[in-house]
Amino acid sequence: MSTESSVEKPAQRVAIKGASLRLGEGEEALEGCRCPDCGDTFYPPRTVCLSCYHEGLDRVALSRCGALHTFTIARMALPGAFVKAPYVIAQVQLPEGVIIPTVLDDVDPESVQIGMELEIVIEKAMSDAEGNDVMAFKFRPLKGGAA
Ligand SMILES: [Zn+2]
Numbered sequence: 056m057s058t059e060s061s062v063e064k065p066a067q068r069v070a071i072k073g074a075s076l077r078l079g080e081g082e083e084a085l086e087g088c089r090c091p092d093c094g095d096t097f098y099p100p101r102t103v104c105l106s107c108y109h110e111g112l113d114r115v116a117l118s119r120c121g122a123l124h125t126f127t128i129a130r131m132a133l134p135g136a137f138v139k140a141p142y143v144i145a146q147v148q149l150p151e152g153v154i155i156p157t158v159l160d161d162v163d164p165e166s167v168q169i170g171m172e173l174e175i176v177i178e179k180a181m182s183d184a185e186g187n188d189v190m191a192f193k194f195r196p197l198k199g200g201a202a
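Now the structure itself:
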């Protein structure tokens, strides 16, 4: 007699390992935390404020747009990477002051400039063993040129 249940669990979206993503209802975003005492914001989320040592930080959705802080061009991709070389390894500074390590998409690596405006892209990278959609993020040039 089989004890296996055939109850179908709907596929869920989960963040890729190492990323902190807000994937629920509403607009998807990176999830960081803000100190209720001094107001500083951190990514990835942490339990103690690095600025004032307050414990118990608030989880917050971070801005979806930021500016390129620094970058380098990778001319070879690691085996299994979901980006193709050449690609841009970047640090993006969000208005909250946090710096996000990421890669850039939809951009000619040779045209990338420090300070350029970027927006986050959150998309499925793979499926896991349970059939969940594993979501990853990257940044691309801000479309529409909100000047
Ligand atoms: Zn603080």
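Using the numbering used here, read the sequence shown as starting at 56 and increasing by one per residue.
The C-beta atom is built at its ideal place from N, Cα and C for all residues, glycine as well.
Owing to the predicted nature of the structure, the values given are computational and were not obtained by experimental measurement.
Item	Value
Burial state of Thr-157, where buried means 16 or more other Cβ atoms lie within 10 Å	buried
Beta-bridge partners of Val-115, as assigned by DSSP	Gly-87
Straight-line Cα distance separating Phe-97 from Gly-79	20 Å
Alpha-carbon to alpha-carbon, Pro-91 and Pro-134	42 Å
Residues of its chain near Ile-177, where Cβ-Cβ distance is below 7 Å and the 5 sequence neighbours each way are ignored	Leu-76, Glu-83, Met-190 and Phe-192
Nearest-angstrom Cβ-Cβ length linking Ser-118 and Leu-149, presumed shorter than 8 Å	5 Å
Span of the beta strand (DSSP E), counted from its first residue to its last, around Glu-80	Taken as a continuous stretch (DSSP letters only), Glu-80 belongs to no beta strand (DSSP E), as it is neither H nor E.
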